[in-house]
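Single-structure report; data block below.
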Amino acid sequence: RRSVKRGVTVRTVDIDDALIQGITEIYNETPIRQGKPFPHYGKDFSTIKNETCTLLDRSEFIGAYHGNELIGFIKLVYLGNIASILNIVSKNAHYDKRPTNALIAKAVELCSQKGISYLLYGRYTYGKKTSSPLIEFKKRNGFEEVRVPRYFIPLTLWGRVVVGLRLYRGLLGLLPSSVVNFMVDVRSKFFDRISRKAA
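For the sequence shown, the numbering used here begins at 134 and goes up steadily by one.
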């Protein structure tokens, strides 16, 4: 509702050079996103075009516009009865207009129209990192965690060591959640300070 009141329109868009140029501008708006370096920052038009134009036979793009300016986009990939958000990024300069929320709402609408049962938004948590702005965003927009059992079967002696020590969980899975959340907070403040100095 806030997006509509502030002049944001959301619609499906065809992949063309105008969309790629808009995505390039979004990617290159800031080097830091969600408290860490943004991997797409600094990429040129041709690189972003090559990376964006994948899985086009089962993809759909949704754009959020303020006037003629692309201020956010989603790349949806359809997998049978499931739609997965492959990319969703919006401009920080238009955060007050909530374009990302509007994009999620449009994605849900499209899934409903197509009879899609599930909309996936990546992993819900990463290891024991249970607190982050992204997790809070997912909660506020109605996403829920769906747990799926995973089994690790050692095939070698080294595999037995890894399974025995639970090293397959990775660093985030081994450290206590309080330590992980503290480290994430420190990282976020560090990169925030760097970005402010650069500005």
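Heads up, the beta-carbon is just placed ideally off N, CA and C, and yes, glycines get one too. Values in this document were obtained by computation on a predicted structure and should not be read as measured data.
Under the rule that 16 or more other beta-carbon atoms within 10 Å means buried, what is residue i, buried or exposed?
i: V319; result: exposed
i: V312; result: exposed
i: A151; result: exposed
i: T289; result: exposed
i: I156; result: buried
What residues are listed by DSSP as bridge partners for residue i?
i: N356; result: Residue 356 lies beyond the residue range present for the chain, which begins at 134 and ends at 332; the question has no answer from this structure.
i: H227; result: According to DSSP, H227 bridges with nothing at all.
i: I215; result: L212 and Y251
i: W197; result: Per the sequence presented here, residue 197 reads as Ala, with Trp not at that position. V143 and G205.
i: S192; result: V210
i: K271; result: Answer by DSSP bridge pairing: none, since K271 is not bridged.
i: R166; result: K169
Of all the options the options, which has the alpha carbon lying nearest to the alpha carbon of residue i?
i: V386; options: L189, E162, T180 and S136; result: Lying before the first or after the last residue shown, residue 386 is absent from the chain, which here runs from 134 to 332.
i: G205; options: I153, W291, G303 and L300; result: I153
i: T258; options: A238, F276 and I148; result: F276
i: D149; options: T180, R135, C186 and V137; result: C186
Spatial neighbours of residue i within its chain, please: C-beta separation below 6 angstroms, excluding the five flanking residues on both sides.
i: V222; result: I159
i: K239; result: V143 and I195
Short of 8 angstroms in beta carbon distance, which residues of its chain neighbour residue i, apart from the five on each side in sequence? Order them along the chain.
i: G175; result: N161 and P164
i: G140; result: H199, G200 and K230
i: F324; result: I165, G168, K169 and P170
Quick one: residues in its chain with C-beta nearer than 7 angstroms to the C-beta of residue i, no 5 flanking neighbours on either side, listed in chain order?
i: L321; result: Strictly speaking, residue 321 in this sequence is Ser, with Leu absent from that position. Excluding sequence neighbours, S321 sits near G168.
Next on the checklist: For the structure I just gave you, are there three or more beta carbon pairs, one from the region 163-170 and one from the region 193-212, closer than 8 angstroms?
Outcome noted: Between the region 163-170 and the region 193-212 there are fewer than three C-beta pairs closer than 8 angstroms, too few to call the two in contact.
Checklist entry - Counting pairs of beta carbons, one from the region 283-296 and one from the region 244-251, are three or more of them closer than 8 angstroms? => result A contact is defined here as three or more CB-CB pairs under 8 angstroms, and the region 283-296 fails this definition with respect to the region 244-251.
Item to check | Three or more C-beta pairs below 8 angstroms linking the region 176-183 and the region 229-242 | outcome: Touching, no.
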